[in-house]
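Accompanying notes for the structure given below.
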Amino acid sequence: MNRHDGFREFVLARQQALMRTAYLLVGDAHLAEDLLQSVLARVVGHWPKLSRDGGNPEAYTRKALVNQYISWRRRPRPESPSADPPERGSSSEEATLDRIVLHQALAKLTRKQRAVIVLRFWEDLTEAQTADALGCSIGNVKSQTHHALARLRALAPELSDLHIEEVAR
Amino acid sequence: MTRLRNTLRDLAEEAPLVNLADAAIAIHRRRRRTMLAVSTVVTVAALVATTAGAVVVWPRGDHMATPQRTDTVPDLPDGKVGAIKHAYQTSCKVSDPARNLDCGAVEWRVVTRSGETYRVPQALVSSRKAPRAPVAISRDGRMLAYYSRDAQAHVVRDLVSGVKVTSPVTVKEDRIGAGSMLAVSEDGRYVAFDPREGSKDPGLLIDMRTGKTVSIPGKYEVISIKNGAAELIRYRKTDLWLMPVTGGGKPVRFDGVFIMFSELSPDGRTVVAVDFPEVGKRVLTLLDAKTGRTLRKVPVRGLPKGGWIDGTATWLSRSEIVIVGGDKGHRSSYAVDVNTGRARLWVAYPAQLGQSLTLTLPGVSYSW
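Protein sequences, first through last, are from chains A and B. With full-length UniProt numbering, the residue at position 131 of the first sequence is 131, and numbering never jumps. With full-length UniProt numbering, the residue at position 124 of the second sequence is 124, and numbering never jumps.
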């Protein structure tokens, strides 16, 4: 058995989920791939430790992903679509419009705010788990979440009818 | 589930399918090989010093840092080559039907104004801590600066006269971290090295002739060296510091958060940047580097539909600035008239560079 087989299995099973998280964090397919690849290259080196009993490779990778994103390149890559979204209609395309508007609004959050939104509302992590992933206090997660949601509402009035629940768990 | 969750889920579905295991393993192996090579050299050097009681002199000559390739691109010859218009780093190759990724042959290449492409195997492509190590080109394309693993120092090649100068200041390869940046002055005398973008690790301005250095506070990132001053930016606030190459000077604070700074204009006081909240809106901002005032906003016209601004670079005249733009996998530079906002195509880069993040243009420290 190749010593990287365990890592390969892990990546095969989880890479798509991690890729979605990376995409939500950076908003660009190429950058997301670049981000995840650089994190996985580090995970390979730690794999013997992570794969032992008690290790949690996915949590480690997610944590590395978020922290790498926050401390990553300062110059942001522009995110597409960059064009203004079309006028909102009442058709079945509402979901598509929501997606475009949210994409653009997320791009205007700070990195930490964006990470908090992704971890809390996409990864469905608790405040405690989010705090652990970000290496900050639960109070900080609460305030970041509050500010991020407030900013999303301000940035995207189109989404004002989003039933955003600031659920404390 | 809330509508936010639903929308996030829909958005996440846009993420492309990937297969990253082999690529990650390849990168890991490459880094480990690099680390082993360096530690072996260090061990051998230490043994020689111990057994012979001699002073170990680090080799200064450059030799191949990456494996020889079998393609037809020639090595950058010694002597006179001519000015270059850009440099780029080649990508990892998918080496076989099993889609294994081979990053062992990644290298820097330069393209001369006459269109010749040369490999620069002496230039470090990555370090243990940095997936990409930078090169820098002077604004006139004459000087090429890079880090030489063999010399453990920066090297400046004058591509017009053929003179090569190795920095008297050695810098450990491990200091080159993620997003490391490099700038070189037009005369090749000064090199500014930022070990890690976005970190507080201090940078270094090196006088290649005397070996004198000026420390650059880690909060600042170098953009360019021009007219005897290094243009340094502190992003969070945002501050610009035109630091004389001998040190000194003081920063100016802008009202707002700006990124993608250009070099200093020929008028000696104007820079172009992008207002952070306007990223993606194709608007440039002209800033007064002396007072910190915003001079005016310039909406850019004439970029391809769906294209975006990816950065700013050097001034062609008092009214035209080069910007870099992206457009669905293509990358081009444009000359933009800062009075009218009209953009004209300056250079369209080869298609493969659209996928790469390693295009380096003259005059600025960025890589795209």
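Note that beta-carbon positions come from the ideal geometry of N, C-alpha and C, so glycine has one too.
- Annotation: glutamine 89 (chain B) is outside any alpha helix (DSSP H); the continuous beta strand (DSSP E) that includes it extends over 84–89.
- Among the residues of chain B, those whose CB is under 7 Å from the CB of arginine 20 (chain A) are Ala12 and Ala15, following chain order.
- Assigned with DSSP and collapsed to three states, valine 110 (chain B) falls in strand.
- Residue B:Pro195 holds the alpha-carbon nearest to the alpha-carbon of alanine 133 (chain B) among B:Pro195, B:Val163 and B:Gly79.
- The C-alpha of serine 333 (chain B) is placed about 12 Å away from the C-alpha of proline 350 (chain B).
- As computed with DSSP, threonine 270 (chain B) is found in a beta bridge with B:Asp288.
- Residue range 320–327 is occupied by the beta strand (DSSP E) that includes glycine 326 (chain B).
- Judged by DSSP in its simplified three-state form, proline 157 (chain A) adopts helix.
- Assigned with DSSP and collapsed to three states, alanine 59 (chain A) falls in helix.
- Under a criterion of Cβ atoms nearer than 9 Å, the residues of chain B adjacent to serine 38 (chain A) are, in order, Ala24, Ile27, Pro131 and Ala178.
- Chain-ordered, the chain B residues with CB closer than 8 Å to the CB of arginine 99 (chain A) read Thr7, Asp10, Leu11 and Glu14.
- Apart from the 5 residues on each side of it in sequence, threonine 61 (chain A) sits with its Cβ closer than 8 Å to the Cβ of Arg14, Leu18, Val39, Leu40 and Val43 in its chain, given in chain order.
- A straight line joining the alpha-carbon of serine 365 (chain B) with that of methionine 181 (chain B) spans about 6 Å.
- No Cβ-Cβ contact shorter than 9 Å links threonine 7 (chain B) with aspartate 124 (chain A).
- Under a criterion of Cβ atoms nearer than 9 Å, the residues of chain B adjacent to glycine 45 (chain A) are, in order, His28, Arg31 and Arg32.
- Judged by DSSP secondary structure, arginine 20 (chain A) falls within the alpha helix (DSSP H) whose first and last residues are 5–26.
- Taking 9 Å as the cut-off, the beta carbon of lysine 237 (chain B) is found no closer than this to the beta carbon of glycine 218 (chain B).
- Here the alpha carbons of asparagine 67 (chain A) and valine 26 (chain A) stand approximately 12 Å from one another.
- Within 7 Å of the CB of leucine 359 (chain B), no CB atom of chain A is found; the nearest one sits about 13 Å away.
- Here aspartate 34 (chain A) has no same chain residue with a Cβ atom under 7 Å from its own Cβ, once five neighbours each way along the sequence are excluded.
- Residue nearest to glycine 292 (chain B) within the set B:Ser215, B:Asn339, B:Val257 and B:Val324 is B:Val257 (criterion: CA-CA distance).
- By a beta-carbon distance limit of 8 Å, alanine 178 (chain B) contacts glutamate 197 (chain B). Their separation comes to about 7 Å.
- Proximity of chain B to alanine 105 (chain A) at the Cβ level (cut-off 7 Å) is not reached, the minimal Cβ distance being about 10 Å.
- Remark: C-beta atoms of alanine 136 (chain B) and leucine 144 (chain B) approach each other more closely than 9 Å.
- Residue range 203–207 is occupied by the beta strand (DSSP E) that includes glycine 203 (chain B).
- The Cβ atoms of histidine 154 (chain B) and serine 138 (chain B) do not sit closer than 9 Å to each other.
- The CB of proline 277 (chain B) comes closer than 8 Å to the CB of Lys108 in chain A, given here in chain order.
- Secondary structure note for glycine 341 (chain B): it is in no beta strand (DSSP E), with a DSSP letter that is neither H nor E.
- At a cut-off of 9 Å between beta carbons, glycine 280 (chain B) contacts chain A.
- Of all residues in the segment 222–233 of chain B, none comes within less than 7 Å of chain A when Cβ atoms are compared.
- With 16 or more other Cβ atoms inside 10 Å of its own Cβ, arginine 119 (chain B) counts as buried.
- Sequence-distant Cβ neighbours of alanine 83 (chain B) in its own chain, meaning closer than 8 Å and more than five residues away, are Thr112, Arg113, Asp140, Gly141, Arg142, Leu159 and Val160.
- According to DSSP, residue pairing for arginine 149 (chain B) in a beta bridge does not occur.
- Residues of chain A with a Cβ closer than 7 Å to the Cβ of valine 324 (chain B) do not exist, since the nearest Cβ in that chain sits about 11 Å away.
- Close partners of tyrosine 23 (chain A) in chain B (Cβ separation under 7 Å): Ala12, Glu14 and Ala15.
- Contact note: alanine 150 (chain A) does not reach chain B at a C-beta cutoff of 9 Å; the least C-beta distance is about 13 Å.
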